[in-house]
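Quick note on our numbering: the sequence shown kicks off at 11 and runs consecutively.
Beta carbons: idealized from backbone N, C-alpha and C, even for Gly.
I have placed the structure first, in the form of structure tokens, so that the comments after it can refer back to it.
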Amino acid sequence: MIGAGAAIAVVGFLAGPWAGSSAVRAGDVTTTGAIGESATVSQATVSQANFKVLTDARIGVVKAVLQLTPEQQRYWPPVEEAIRARAEGRYHRLSALVGHLQQRGEVDPIAAMRTRADSLGQRSAELKRLGDAWQPLYQTLGPDQKERMRLVTARIIGGLREAIETRRRELVEDEDDEG
């Protein structure tokens, strides 16, 4: 079993801005890849098999960071299932987005709003399921385990915030270039 510090470092790497950064620019249908390189959507789309490998790695790191006791292990399967279901949903949403952007047709703003609402509803349901799955396990965690979980969660959320901010800046830059 790897140490908690090493596992947190791995989570930092897996949740970093280059991990799964698929900030798609609608103007030229490119994505930002590793270390700021641009590629076409077809080149940057992660295969479902590779997406599952990344999900497996993230699950392994979280489990290693928590260092579950044998008693706590019995609460883990629903958590892992919820993590996998959420990752699968994310993969399908990203694939649908890439497919939509490749069509390059006229944008229907009403359809876009409805699609976005559906996506947010799916994400909401997946996150609720994840929270429900974590609750029984979280109640059994000791103070050190809870602190490690907070650190991992903060790193993942921080990585997501960074990716969102990067995407927002790209959109603003694209609008400035067009205007």
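### Task
Could you tell me whether the Cβ atoms of Ile93 and Leu140 are closer together than 8 Å?
One-based indexing of the sequence shown puts residue 93 at position 83. One-based indexing of the sequence shown puts residue 140 at position 130. A contact, by the Cβ cut-off of 8 Å.
### Task
Give a yes or no on contact between the stretch 146-155 and the stretch 73-88, applying the rule of three or more CB pairs nearer than 8 Å.
In this structure the stretch 146-155 lies against the stretch 73-88, because at least three pairs of beta carbons, one per stretch, are closer than 8 Å.
### Task
Can you tell me which of the three DSSP states Val89 falls into?
One-based indexing of the sequence shown puts residue 89 at position 79. Residue state, collapsed to three classes: helix.
#### Entry: Span separating the alpha-carbon of Asn60 from that of His110
Counting from 1 along the sequence shown, the entry for residue 60 is found at position 50. Counting from 1 along the sequence shown, the entry for residue 110 is found at position 100. Straight-line Cα distance between these residues: approximately 22 Å.
### Query
Smallest Cα separation from Ser105: which of Glu183, Val56, Leu161, Gly131?
The residue given as residue 105 occupies position 95 in the sequence shown. Out of Glu183, Val56, Leu161, Gly131, Val56 has the C-alpha closest to the C-alpha of Ser105.
### Spatial neighbours of Pro146 in its chain, beta-carbon cut-off 6 Å, leaving aside the 5 residues before and after
Sequence index remark: in the sequence shown, residue 146 carries index 136 (1-based). Result list for Pro146: Tyr85, in chain order.
### Task
Using beta-carbon positions only, say whether Arg103 and Gln132 come within less than 8 Å of one another.
Position 93 of the sequence shown, counting from 1, holds the residue named residue 103. Position 122 of the sequence shown, counting from 1, holds the residue named residue 132. Cβ distance < 8 Å, so Arg103 and Gln132 count as in contact.
### Query
Just how far apart, CA to CA, sit Ala173 and Gln83?
Indexing the sequence shown from 1 puts residue 173 at position 163. Indexing the sequence shown from 1 puts residue 83 at position 73. Taking the straight line joining both Cα atoms gives about 32 Å.
### Length of the line joining the Cα atoms of Lys62 and Ala135
For the purposes of this step, residue 62 is identified with residue 52 of the sequence shown, where counting begins at 1. For the purposes of this step, residue 135 is identified with residue 125 of the sequence shown, where counting begins at 1. When rounded, the distance between both Cα atoms is 20 Å.
### Task
Kindly indicate which three-state DSSP category Arg133 falls into: helix, strand or coil?
Along the sequence shown, one-based indexing puts residue 133 at 123. In this structure, DSSP gives Arg133 a helical state, which the three-state scheme calls helix.
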